[in-house]
Every structure is written in structure tokens, then in C-alpha cells.
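Read the structure below first, then the notes.
There are 2 protein chains.
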Amino acid sequence: MKIGELARRSGLSAHTIRYYERIGLLPYADRDGSSQRDYDTGILTWIAFLRRLKATGMPIREMLLYAELRSRGPSTEPERRTLLERHRDRVGQHVADLQANLLVLDTKISGYAGSAQGTDHDDAGTPTRERKPAGKRAARPR
Amino acid sequence: MKIGELARRSGLSAHTIRYYERIGLLPYADRDGSSQRDYDTGILTWIAFLRRLKATGMPIREMLLYAELRSRGPSTEPERRTLLERHRDRVGQHVADLQANLLVLDTKISGYAGSAQGTDHDDAGTPTRERKPAGKRAARPR
DNA sequence: CTACGGGTTCGAGTGCACTCTCAGTCAAGG
DNA sequence: CCTTGACTGAGAGTGCACTCGAACCCGTAG
Numbered sequence: 003m004k005i006g007e008l009a010r011r012s013g014l015s016a017h018t019i020r021y022y023e024r025i026g027l028l029p030y031a032d033r034d035g036s037s038q039r040d041y042d043t044g045i046l047t048w049i050a051f052l053r054r055l056k057a058t059g060m061p062i063r064e065m066l067l068y069a070e071l072r073s074r075g076p077s078t079e080p081e082r083r084t085l086l087e088r089h090r091d092r093v094g095q096h097v098a099d100l101q102a103n104l105l106v107l108d109t110k111i112s113g114y115a116g117s118a119q120g121t122d123h124d125d126a127g128t129p130t131r132e133r134k135p136a137g138k139r140a141a142r143p144r
Numbered sequence: 003m004k005i006g007e008l009a010r011r012s013g014l015s016a017h018t019i020r021y022y023e024r025i026g027l028l029p030y031a032d033r034d035g036s037s038q039r040d041y042d043t044g045i046l047t048w049i050a051f052l053r054r055l056k057a058t059g060m061p062i063r064e065m066l067l068y069a070e071l072r073s074r075g076p077s078t079e080p081e082r083r084t085l086l087e088r089h090r091d092r093v094g095q096h097v098a099d100l101q102a103n104l105l106v107l108d109t110k111i112s113g114y115a116g117s118a119q120g121t122d123h124d125d126a127g128t129p130t131r132e133r134k135p136a137g138k139r140a141a142r143p144r
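These protein sequence lines map, in sequence, to chains A and B. Under my numbering, the first residue of the first sequence is numbered 3, with each subsequent residue one higher. Under my numbering, the first residue of the second sequence is numbered 3, with each subsequent residue one higher.
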């Protein structure tokens with residue numbers, strides 16, 4: 003399988019695959035006769051795992067660490083386990099925070115409910131009022 | 003209250019407060035005699051709300067939109083409500099995804115359990131093996 | 001008087017994770 | 001033979017959300 007197909011099947015772009023290889027997240031792929039990367043389907047499971055880590059917000063540096071531990075063989079399993087556990091705990095905390103914020107958000111939305119006008123909730127103080135010293139000069143976020 | 007105290011009380015840095023004002027997330031603050039920003043405590047509730055939106059991953063552009071709607075008065079409440087609802091739904095979806103991923107992660111961690119060696123789970127295929135064509139030249143992520 | 005601890009503006013720099021451009025190579029199809 | 005489309009490496013560019021630096025001003029305590 004070459005990079006184009008792997009891109010299609012893995013959901014990463016060919017660019018990203020090369021990028022991952024460059025930084026060491028993906029193994030250096032064997033090249034065929036004309037130096038094109040030739041992948042084994044097994045790589046898909048590894049990519050799926052990486053995507054999972056990424057989806058849960060693990061920074062690439064940590065994924066790299068994990069990949070490196072892997073490459074050092076089974077003796078690093080306890081370390082890998084610890085790494086994943088730490089990550090899981092962080093994600094769990096993050097989920098809890100999100101849920102707490104969701105609750106507040108819902109309360110606020112109810113505040114806007116029906117046709118009732120802004121029942122003094124939450125952001126009631128100091129609205130962002132008209133502020134245009136001169137035309138549209140407010141530096142917009144790049 | 004001037005910017006330093008507001009920074010302390012709001013958890014934003016003075017830099018960030020100025021930045022937010024510049025892009026329009028915070029109202030243009032009144033200046034005292036020597037053109038220093040002078041805040042009313044009411045601003046704290048607004049900042050707290052912004053922090054909540056941020057904590058749930060709302061991009062600044064959308065917060066700006068919300069702030070702008072606010073500044074246009076009560077007639078925009080339905081729109082604001084819709085905005086928040088869309089956001090809430092996105093966050094809810096995100097939380098669900100995270101939980102699904104957490105489950106898989108836990109399964110994987112159990113795979114490393116006790117002293118049992120890597121019971122062919124998940125990322126079993128194609129490990130990132132030794133790959134160092136020549137020394138430490140693998141471009142690290144910037 | 002002078003040092004200090006704030007404040008001011010503006011613009012440039014940072015870190016992350018891609019994403020794209022460039023200039024070129026190569027194999028297969030018409 | 002020529003085009004097409006996919007590939008190559010290296011490096012520059014992007015978008016986000018800050019974060020910092022430079023050069024300056026200002027009021028109060030010692």
C-alpha cells in the first residue's frame with residue numbers, strides 16, 4: 003500500500019503521514035523500487051491508536067515518548083502503562099470539567115428560555131457595549 | 003480596580019486582558035486621570051463567563067460574535083440562545099467521544115495489567131521500531 | 001531627587017500541529 | 001512520445017491564542 007491509499011484508509015493526509023514519519027511517530031517506511039513508501043496494513047492499527055490518543059488531547063511529544071518506549075521492547079511496558087494511566091486520568095478530569103461547564107451552560111440557556119427576557123444571570127454585569135473609537139480599526143485576531 | 007488587580011482576581015494576565023480588549027472581547031475600559039484602565043467589579047462576571055466558554059473549547063471568533071450580539075441589546079437574545087445551544091451540543095458530542103475513547107484506553111491499560119505481557123490488543127501491529135538512518139537527525143517537531 | 005512598581009502602546013515572537021509549495025522524479029496509459 | 005497523477009525531500013506558511021519585549025509615562029516613598 004502506498005501513501006495515497008494509506009491516507010485514504012487511515013484518514014490522515016499524505017502530508018501528515020510524511021510529517022509523522024519525519025518526527026518519528028510512524029516508523030520509517032520501507033521504500034519500493036522507486037523509493038516510494040510501501041506500507042503494510044498493520045500500520046493502520048497503530049495509526050488508529052495514535053488517533054485515539056490525539057482525540058483525547060495527548061500532545062505529540064507524549065505520543066512520541068510512547069512510540070519510543072514501544073520501540074524499546076516489552077521491558078518498557080510498565081512505563082507505557084503509567085503513561086497511559088496518567089493520560090487517562092487527565093482526560094477523565096477534563097471530561098468532568100466539561101460536564102460541570104455544560105451544566106452551567108444549560109442553566110444559562112434556560113435563562114434565555116421562552117420569551118422571557120434576560121433574567122439577570124451570570125454574565126449580567128458589564129456588557130460589551132458599543133466600542134468603535136474610529137471606524138473598524140479594532141485589530142481583529144489574526 | 004486597575005489592570006493588575008483585575009488580572010489577579012480574574013485569572014487572566016494583564017497582557018491577556020489588554021489583548022481581549024484589543025480584539026473586542028472585553029469592553030474598552032474607562033481610563034483614569036493618567037489613562038490607566040479602571041475596572042468595575044462587574045467585569046469579573048463577564049470574564050468568568052468567557053472563561054467558561056473557553057474552557058469548553060469555544061473559539062474566540064465565536065465568543066466575539068456572542069459579545070457583539072450582547073452589545074446590540076436584548077433583541078439579539080434568541081440568536082445568543084441559539085449560539086449557546088449549538089455550542090452546548092458540540093461540547094456534549096465531544097464529551098461523548100472522549101468517554102468512548104476513555105473506555106478503549108482503559109481496556110488497553112488493562113491489557114498491560116499485572117505482569118501479563120502485551121496481550122495482542124489494539125496497536126499490536128507494526129511497532130515503531132528502531133529508526134535512525136544516521137544519528138539523531140530526525141527532525142523533531144518544532 | 002531618584003528609585004520603584006505600577007501603568008501605557010505597538011508590534012513581534014511563541015508553541016502547537018499541521019498544511020502547503022516547490023522543483024523535481026517516476027510508472028502506467030493513450 | 002507525452003501526459004497524467006502520484007510520489008519525493010526540504011522548507012516555508014497557516015491559524016490559534018496568547019505572551020513578551022521595547023520604549024515610554026506617572027505617582028508615591030524614602
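C-beta: ideal position from N, C-alpha, C; glycine also.
Starting from the Cα of residue i, find the closest Cα among the options and give me that residue.
i, options, result
"D108 of chain A", "B:L105, B:L100, B:H89, B:Y21", "B:H89"
"R92 of chain B", "A:R82, A:Q101, A:S37, A:L27", "A:Q101"
"L85 of chain B", "A:D99, A:H17, A:A98, A:Y114", "A:Y114"
"S112 of chain A", "B:R82, B:V97, B:Y30", "B:R82"
"S12 of chain A", "A:A50, A:G35, A:G94, A:T78", "A:A50"
"L8 of chain A", "A:G44, A:L55, A:S77, A:A98", "A:G44"
"P80 of chain B", "A:Q38, A:K110, A:L14", "A:K110"
"W48 of chain B", "B:A57, B:L105, B:L104, B:L27", "B:L27"
"R72 of chain B", "B:T58, B:L52, B:R10, B:G59", "B:L52"
"R33 of chain A", "A:L67, A:M3, A:Y21, A:K56", "A:M3"
"L55 of chain A", "A:I25, A:E87, A:D42", "A:E87"
Just how far apart, CA to CA, sit residue i and residue j?
i, j, result
"I19 of chain A", "M65 of chain A", "15 Å"
"E70 of chain A", "S36 of chain A", "29 Å"
"R74 of chain B", "Y30 of chain B", "15 Å"
"A98 of chain A", "V97 of chain B", "9 Å"
"N1 of chain A", "I5 of chain B", "A question about residue 1 of chain A goes unanswered here, because the residues of chain A that appear run from 3 up to 144."
"P61 of chain A", "V106 of chain A", "28 Å"
"Q95 of chain A", "P76 of chain A", "29 Å"
"R24 of chain A", "Q38 of chain B", "49 Å"
At what residues does the alpha helix (DSSP H) containing residue i begin and finish?
i, result
"P80 of chain A", "79 to 113"
"R72 of chain B", "62 to 73"
"S36 of chain A", "Note, S36 of chain A: premise wrong, no alpha helix (DSSP H); not H, not E."
"K56 of chain A", "45 to 57"
"G6 of chain B", "5 to 12"
What I want to know is whether the C-beta of residue i ends up closer than 6 Å to one or more non-hydrogen atoms of the ligand GDP.
i, result
"S37 of chain A", "With respect to small molecules bound, the structure shown includes none, and the ligand GDP cannot be examined in it."
* Asked: Residues in the stretch 95 to 107 of chain A with C-beta within 8 Å of chain B's C-beta atoms, listed in sequence order?
  -> H96, V97, D99, L100, Q101, N103, L104, V106, L107
* Asked: Given a limit of 7 Å on CB to CB distance, which residues of the stretch 74 to 88 of chain A reach chain B?
  -> P76, E79, R82, R83, L86, E87
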